[in-house]
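Residue numbers (the numbering used here): 17 to 728.
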Ligand code: SF4
Ligand code: SF4
């Protein structure tokens with residue numbers, strides 16, 4: 017069998033080369049006759065593979081005759097295409113003017129669709145024929161599908177189809193590299209590698225591990241590349257922007273398909289996503305002129321596009337996390353996904369479906385490998401942000417934030433906790449683990465209230481001393497997701513989205529106050545319920561679990577991600593701006609009684625400032641800060657979570673974060689340190705400054721009306 021597979025492999029490689037060349041000819045075709053010849057070539061190949069398939073369905077003389085008849089029939093019909101094209105050209109030239117050149121080929125949607133359909137049909141028939149020749153050894157798992165759907169799925173999920181397509185993509189990307197911008201070629205190269213790493217393609221030992229982990233790593237690298245690309249290129253070619261959202265939508269389906277394949281042995285959705293990916297890809301490469309058209313799209317002004325980007329990437333990540341959980345820790349996750357029966361009355365079906373969906377989402381979003389994968393992806397964007405940050409204090413905070421994510425999102429809950437307490441329930445099922453769980457109540461250990469108190473006293477004291485940035489910009493897992501380059505750039509939606517605009521500034525709107533009140537009442541209520549449950553005085557569950565666990569899971573494993581993908585409509589850091597996070601709300605209270613505030617070195621610099629870069633750079637949308645600086649020389653808002661973008665963005669180095677360290681300095685009569693980064697010279701105003709601070713720092717000596725920007 018090895019010899020047969022080797023020969024088939026060589027033929028498949030030749031087929032990939034040939035198809036890539038045909039696609040290039042299709043792209044370069046300028047005249048109708050050329051296009052007709054390409055269609056004829058593709059029909060010839062389809063006829064040949066179709067004949068082989070027919071033969072294998074009826075092996076022997078009958079099958080041979082049927083196969084030959086089919087091949088001959090399709091080839092003959094195919095020959096009509098160039099013949100009719102020739103007649104048409106001749107007719108035009110004879111009836112018009114002989115010197116009139118033949119009208120050039122108009123490559124519309126129909127031409128692209130025809131070439132894409134023929135290429136796909138060829139690949140499919142080749143895969144089918146090779147599958148039959150090699151003895152159907154690559155048939156999929158039992159699917160419960162009909163025979164036709166099972167066969168179709170088997171062909172698409174076979175190495176003959178998947179690997180040939182991968183080779184074809186890589187070759188076309190190479191052959192057509194001069195016709196597309198570099199980002200498109202890079203994206204297609206990623207696609208080729210991802211298709212090559214299709215887990216269902218081979219049943220060889222070790223392939224599944226390599227392809228699941230390797231494929232996930234490549235997809236994460238692709239997401240990082242795309243995010244960084246859109247961060248650098250504020251304007252995208254319209255065709256490329258559409259290609260990206262279509263591809264990411266398909267990848268969402270593909271990861272869901274891979275999860276179904278790995279968890280339940282259902283390969284159909286994966287096969288369907290492969291076909292969709294090929295259609296998206298072929299439609300793009302056959303008509304490349306759209307990718308060099310001048311139409312551009314400023315994505316920061318297109319909330320719908322940004323939402324699609326985030327939503328599709330998140331769907332892919334969620335299922336990728338589930339797939340990795342299953343692959344790396346099958347002992348923990350196999351059979352762990354909720355599966356209430358979808359039968360009975362409509363109400364029961366809907367209720368069970370909603371419950372399955374909610375707990376699947378929550379289980380995966382709180383799982384080790386999902387969090388590790390998100391940490392790598394979002395952490396990479398934070399590393400880019402780190403590299404371009406000039407302000408030392410912000411750099412230190414970003415480094416601490418990444419370390420905290422690794423420790424508190426991955427290591428302690430998933431590695432340390434399960435190693436030290438192997439018999440205890442998983443961290444996300446325990447009603448009390450400290451700050452993030454709110455007040456909680458489970459008597460997990462006799463000293464639980466001591467642990468709780470210490471947690472609150474420690475984090476509360478740190479917040480009072482250094483501001484809520486201790487929680488909302490360092491300890492919490494959320495800032496790692498918010499502060500990478502591309503996501504941070506989405507703070508522009510805080511000002512452009514009609515909904516997010518309602519939450520701008522440090523003011524607490526009635527809606528904000530109502531939201532925080534509801535959240536705090538829910539926290540206190542579920543905590544008491546949990547306490548009475550755990551001490552045996554009540555027996556109340558919510559969603560089938562402890563009330564405080566449910567609130568935690570709802571807030572941080574479901575709602576947080578839903579709100580994350582809606583950033584283009586609700587704004588960046590919406591947990592802070594909208595006040596729906598109880599942890600953030602508690603942190604606010606500690607900030608209110610603490611030292612933290614923003615201060616400027618010279619009020620007059622702010623009065624003369626025309627850039628207002630500090631306000632523009634704020635991811636929380638505190639647009640009123642310049643007004644406070646001009647009047648009072650400082651700004652105090654419990655919404656401020658100390659990200660420090662404003663400090664780095666001020667072109668005059670006029671701004672700094674004040675906390676307990678500065679309070680001590682004042683007490684000791686020490687000066688405030690000068691701005692650490694290079695700041696613009698400020699042109700000295702000849703007239704006396706009104707209300708200028710006596711402590712004009714070194715480096716702020718002259719003032720200019722230029723408007724540079726330190727913010728991305
Ligand atoms: S408000 Fe809540 S979710 Fe948002 S950063 Fe702060 S602690 Fe994290
Ligand atoms: S950008 Fe700097 S100078 Fe301008 S208002 Fe903000 S803190 Fe003041």
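Beta carbons: idealized from backbone N, C-alpha and C, even for Gly. As the structure is a prediction and not an experimental result, all values here were calculated from the model.
Distance cut-off 8 Å: residue i Cβ against heavy atoms of ligand 1
{"i": "residue 488", "result": "yes"}
{"i": "residue 15", "result": "This structure does not reach residue 15, given that the chain is present from 17 up to 728, and the question cannot be answered."}
{"i": "residue 144", "result": "no"}
{"i": "residue 592", "result": "yes"}
{"i": "residue 493", "result": "yes"}
{"i": "residue 309", "result": "no"}
{"i": "residue 656", "result": "no"}
{"i": "residue 577", "result": "no"}
{"i": "residue 589", "result": "yes"}
Same chain, Cβ closer than 8 Å to residue i, five either side skipped, listed in chain order
{"i": "residue 650", "result": "613, 614, 615, 616, 644 and 674"}
{"i": "residue 635", "result": "498, 499, 504, 507, 510, 588, 589, 659 and 661"}
{"i": "residue 490", "result": "413, 416, 417 and 420"}
{"i": "residue 76", "result": "none"}
Cutoff 7 Å; reference residue i; Cβ partners in own chain excluding five residues on either side
{"i": "residue 125", "result": "none"}
{"i": "residue 84", "result": "67"}
{"i": "residue 609", "result": "480"}
beta-carbon residue i near ligand 2 non-hydrogen atom, thresh 8 Å
{"i": "residue 9", "result": "This structure does not reach residue 9, given that the chain is present from 17 up to 728, and the question cannot be answered."}
{"i": "residue 661", "result": "no"}
{"i": "residue 636", "result": "no"}
{"i": "residue 628", "result": "yes"}
{"i": "residue 631", "result": "yes"}
{"i": "residue 646", "result": "yes"}
For residue j and residue i, the rounded distance between their alpha carbons
{"i": "residue 713", "j": "residue 567", "result": "With a pLDDT of only 37 at residue 713, under the threshold of 50, the placement of this residue in the model should not be trusted; the figure read from the coordinates follows. Approximately 48 Å, taken between the alpha carbons."}
{"i": "residue 638", "j": "residue 507", "result": "11 Å"}
{"i": "residue 618", "j": "residue 477", "result": "30 Å"}
{"i": "residue 29", "j": "residue 180", "result": "6 Å"}
{"i": "residue 417", "j": "residue 387", "result": "15 Å"}
{"i": "residue 437", "j": "residue 383", "result": "17 Å"}
{"i": "residue 164", "j": "residue 140", "result": "14 Å"}
{"i": "residue 134", "j": "residue 202", "result": "25 Å"}
{"i": "residue 27", "j": "residue 35", "result": "12 Å"}
{"i": "residue 404", "j": "residue 558", "result": "46 Å"}
{"i": "residue 19", "j": "residue 146", "result": "13 Å"}
{"i": "residue 238", "j": "residue 270", "result": "15 Å"}
{"i": "residue 563", "j": "residue 249", "result": "46 Å"}
{"i": "residue 23", "j": "residue 74", "result": "23 Å"}
{"i": "residue 545", "j": "residue 535", "result": "15 Å"}
{"i": "residue 362", "j": "residue 368", "result": "10 Å"}
{"i": "residue 646", "j": "residue 620", "result": "7 Å"}
{"i": "residue 31", "j": "residue 142", "result": "9 Å"}
{"i": "residue 46", "j": "residue 105", "result": "14 Å"}
Close Cβ partners of residue i (< 6 Å) along its chain, the five nearest in sequence each way excluded
{"i": "residue 144", "result": "69 and 171"}
{"i": "residue 186", "result": "208"}
{"i": "residue 247", "result": "501, 502 and 505"}
{"i": "residue 278", "result": "339 and 342"}
Residue of the options minimising C-alpha distance to residue i
{"i": "residue 482", "options": "516, 409, 497 and 429", "result": "409"}
{"i": "residue 394", "options": "480, 342, 502 and 426", "result": "502"}
{"i": "residue 56", "options": "76, 46 and 95", "result": "95"}
{"i": "residue 88", "options": "42, 64, 41 and 293", "result": "64"}
{"i": "residue 630", "options": "600, 541, 105 and 663", "result": "663"}
{"i": "residue 266", "options": "255, 166, 193 and 285", "result": "285"}
{"i": "residue 268", "options": "364, 336, 549 and 130", "result": "336"}
{"i": "residue 318", "options": "76, 572 and 261", "result": "261"}
{"i": "residue 215", "options": "293, 648, 340 and 604", "result": "340"}
{"i": "residue 400", "options": "243, 425 and 647", "result": "243"}
{"i": "residue 605", "options": "472, 51 and 647", "result": "472"}
{"i": "residue 189", "options": "26, 300 and 342", "result": "300"}
{"i": "residue 603", "options": "487, 424, 428 and 332", "result": "487"}
{"i": "residue 217", "options": "294, 176, 195 and 230", "result": "176"}
{"i": "residue 197", "options": "254, 406, 274 and 543", "result": "254"}
{"i": "residue 231", "options": "210, 53, 222 and 79", "result": "210"}
{"i": "residue 245", "options": "212, 548, 315 and 195", "result": "315"}
CB-CB length for residue i against residue j, believed under 8 Å
{"i": "residue 43", "j": "residue 302", "result": "6 Å"}
{"i": "residue 15", "j": "residue 263", "result": "Because residue 15 is not part of the residues shown, which for the chain are 17 to 728, the question remains open."}
{"i": "residue 531", "j": "residue 595", "result": "5 Å"}
{"i": "residue 256", "j": "residue 199", "result": "7 Å"}
{"i": "residue 516", "j": "residue 585", "result": "7 Å"}
{"i": "residue 380", "j": "residue 338", "result": "5 Å"}
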